[in-house]
Ligand code: ADP
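In the numbering used here, the protein residues as written are 196 to 652.
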């Protein structure tokens, strides 16, 4: 697997190379064509001049075709040939080495200026302009004037340019790949830093954070997101740690008490009455502990998503009425009034969990309301929502604690000595949310509390 750094560099090099080669090729072709055009224009010009001279010698006849002076650059032609209308050489000037232009029979009959590249001496290219000369009244040209110029210099210049390109393009490619590597390194350095920090952060070291670069770019966002993830992990770890610590603490104390009482009872012979007393007290403690273990298990499994709801259509009002009937003696024993009013409501839900929800809320209301108070349960249904409201006229909950009471093991200071473990509301919240609803509290210390579970339909 190639590293991103290598991939970036290769891509960079590839793109730069393509651009350089295209650039080099276009320069080469453009320059070659321009130089050839200059030579062509100059040769045509020279041939035109010679034609004019010839015609004026013959009696000032107009040449055909009429072409003006187009070139400003004057190249003195190396070759000049006069060929008559039958293709016979009339006169010629050879180049310095004594070479003459090869005769080309195909020029006979052409009435326009021709430009050809011929090869002499097997290797030397010569550019030749052929200029037809005819009197104004003549049907066919009577003379062809050919002027030629060796392309040796042009070929040399082209070769030099090719060499220069062949040296400078690879050189620029090397520089470009070094530059690409440098840029890739620079761009990836912050990623490397994030990776190093990530390596340092382990399960036991969630305090560390990645330094977020100030640039506000993609890397900054990545680092910030990474830190957020570690925050969440740290919170989850912390919750888990507290949960385990709280759970073991809650279990240890009652178990120690139980053990002490049983050991004390066994220390000497007791009467049957004394044994019954100890056993009854122990049984009560064991029932409480099993409830705690059940609640712990429910919460742990709900958190891992292992608790599926058994959803069935059910009459919520009938379930509530049943529960009111069940806990009424408890309320009466505490000197409380229990009020109940409900619409006829059918919802799809898990009967066992909804029963648990109602019982926990009613149990709390009774627990935290002193004698003479009222506990009420109201079920309402409107177009969009089914709501369960459990209200009491009890001790109430201070505002700053209202958000905390749904946390596991949270108990208000004053109720530390009460029988609860602080898991009831956490379970209520889970049950409500698992049914797609939300559980909220509204409370005023000294005047009472109102818990509202709302399920959107
Ligand atoms: P517990 O087993 O202690 O009742 P819960 O999770 O059911 O645990 O409740 C958490 C805390 O919220 C309780 O300790 C209590 O302080 C407070 N609380 C719950 N319900 C009421 C209520 N109806 N009135 C006043 N305080 C309440």
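Beta carbons are placed, not taken as given, at the ideal position from N, Cα and C, and that holds for glycine. Computed from a prediction, not measured in an experiment: that's the story for all the values here.
Item to complete: For the beta strand (DSSP E) holding residue 311, just list the boundary residues, first then last.
Response: 309 to 315 is the span of the beta strand (DSSP E), which, as asked, contains residue 311.
Worksheet item: Thinking just about the alpha-carbon of each residue, which of 564, 607, 593 and 603 is nearest to the one in residue 586?
Response: For residue 586, the closest C-alpha among the options 564, 607, 593 and 603 is that of 564.
Item to complete: Output yes or no for whether 8 angstroms exceeds the beta carbon distance between residue 583 and residue 636.
Response: The answer is no: Cβ separation not under 8 angstroms.
Practice prompt. Just list the alpha helix (DSSP H) runs in the region 392 to 476, keeping only unbroken ones of 4 residues or longer that don't cross its boundaries, in chain order.
Written response: Runs found: 413 to 462.
Worksheet item: Based on the DSSP secondary-structure assignment, which residues constitute the bridge partners of residue 510?
Response: Bridge partners of residue 510: 541.
Worksheet item: Span of the alpha helix (DSSP H) holding residue 619?
Response: 619 to 629 is the extent of the alpha helix (DSSP H) around residue 619.
Fill in: Which of helix, strand or coil DSSP assigns to residue 576
Secondary structure of residue 576 (DSSP, three-state): strand.
Worksheet item: What is the C-beta distance between residue 579 and residue 652, in whole angstroms, given that I count them as a contact (C-beta under 8 angstroms)?
Response: Between residue 652 and residue 579 the Cβ distance is about 6 angstroms, and since that is below 8 angstroms, they are a contact.
Discussion item. One question on the structure: do residue 311 and residue 328 come within less than 8 angstroms of each other, judged by their Cβ atoms?
Written reply: In this structure, residue 328 does not lie closer than 8 angstroms to residue 311 by Cβ.
Fill in: In DSSP terms, what residue 648 is bridged to
For residue 648, which the question treats as bridged, DSSP gives the partners 583 and 634.
Fill in: Runs of beta strand (DSSP E) lying entirely within the region 272 to 359, each at least 3 residues, in chain order
Correct list: 274 to 279, 284 to 288, 309 to 315, 319 to 328 and 338 to 345.
Worksheet item: Taking 7 angstroms as the cut-off, is the CB of residue 529 close to at least one heavy atom of the ligand ADP?
Response: Residue 529 Cβ: outside cutoff for every heavy atom of the ligand ADP.
Worksheet entry | Three-state secondary structure (DSSP) of residue 249 | In the three-state DSSP reduction, residue 249 falls in the helix class (H, G or I).
Fill in: Coarse secondary structure for residue 484, derived from DSSP in three states
Residue 484: helix per DSSP, three-state reduction.
Discussion item. Just checking residue 594 against the ligand ADP - is the residue's beta carbon closer than 7 angstroms to any of the ligand's heavy atoms?
Written reply: No; taking the cut-off as 7 angstroms, the Cβ of residue 594 has no heavy atom of the ligand ADP nearer than that.
Worksheet item: Are the region 466 to 482 and the region 497 to 515 in contact at 8 angstroms, needing three or more beta carbon pairs?
Response: No: the two stretches stay apart, fewer than three of their Cβ pairs being nearer than 8 angstroms.
Discussion item. Would the region 291 to 304 count as touching the region 229 to 243 if we require 3 or more Cβ pairs under 8 angstroms?
Written reply: Segments in contact, no.
Worksheet item: Whose C-beta lies closer than 6 angstroms to the C-beta of residue 418 among residues of the same chain, with five residues either side of it excluded?
Response: Cβ-Cβ distances below 6 angstroms link residue 418 to 389, 405 and 407 in the same chain, with the five nearest sequence neighbours on each side left out; the list follows chain order.
Worksheet item: For residue 550 versus residue 518, is the C-beta spacing smaller than 8 angstroms?
Response: Cβ distance < 8 angstroms, so residue 550 and residue 518 count as in contact.
Practice prompt. Tell whether a beta-carbon distance below 8 angstroms holds between residue 545 and residue 496.
Written response: It is not a contact, given that the beta carbons lie outside the stated cut-off.
Worksheet entry | Validate contact between the region 620 to 631 and the region 588 to 604 using beta carbons, cut 8 angstroms, 3 pairs | Yes, the region 620 to 631 is in contact with the region 588 to 604.
Practice prompt. Using the Cα positions of residue 314 and residue 375, report the straight-line distance between them to the nearest angstrom.
Written response: Taking the CA atoms as reference points, residue 314 sits about 47 angstroms from residue 375.
Fill in: Closest Cα partner of residue 512 within the set 553, 216 and 522
Comparing Cα positions, the closest option is 553.
Practice prompt. Specify the secondary structure class of residue 533 as computed by DSSP and reduced to three states.
Written response: Strand.
Discussion item. Quick check on DSSP: helix, strand or coil for residue 198?
Written reply: Here residue 198 carries a coil assignment [DSSP, helix/strand/coil].
Worksheet item: What residue range is occupied by the uninterrupted alpha helix (DSSP H) comprising residue 566?
Response: Neither: residue 566 is in no alpha helix (DSSP H) and is coded neither H nor E.
Discussion item. Shorter than 7 angstroms, the distance from the beta carbon of residue 567 to the closest heavy atom of the ligand ADP, or not?
Written reply: Not under cutoff, so the answer is no.
Discussion item. For residue 288 and residue 343, what's the separation of their Cα atoms in angstroms?
Written reply: Straight-line Cα distance between these residues: approximately 10 angstroms.
Practice prompt. Examine the ligand ADP and report whether any of its heavy atoms sits within less than 7 angstroms of the Cβ of residue 562.
Written response: Residue 562 Cβ: within cutoff of the ligand ADP.
Worksheet item: Which residues in the same chain have their Cβ closer than 7 angstroms to the Cβ of residue 508, if we skip the five residues on either side of it in sequence?
Response: Excluding sequence positions up to five before and after residue 508, its CB lies within less than 7 angstroms of the CB of 541 and 543, all in the same chain and listed in chain order.
Worksheet item: Using a Cβ-Cβ cut-off of 8 angstroms (strictly less than) and excluding sequence neighbours within five positions of residue 445, which residues of its own chain qualify?
Response: Taken in chain order, the residues that qualify are 487, 604 and 616.
Practice prompt. Please find out if some non-hydrogen atom of the ligand ADP comes closer than 7 angstroms to the beta-carbon of residue 559.
Written response: Yes, Cβ of residue 559 sits closer than 7 angstroms to a heavy atom of the ligand ADP.
Item to complete: Pair every Cβ in the region 347 to 356 with every Cβ in the region 220 to 229, then say whether three or more of these pairs are closer than 8 angstroms.
Response: Touching, yes.
Worksheet entry | Cutoff 6 angstroms; reference residue 262; Cβ partners in own chain excluding five residues on either side | Its pLDDT being 49, under 50, residue 262 is placed unreliably in this model, and the value from its coordinates should be taken loosely. Counting only residues of its own chain and dropping the five nearest sequence neighbours on each side, residue 262 has a CB closer than 6 angstroms to the CB of 243.
Worksheet item: Can you find a heavy atom of the ligand ADP that lies under 7 angstroms from the Cβ of residue 394?
Response: Because no heavy atom of the ligand ADP lies under 7 angstroms away, the Cβ of residue 394 does not count as near it: no.
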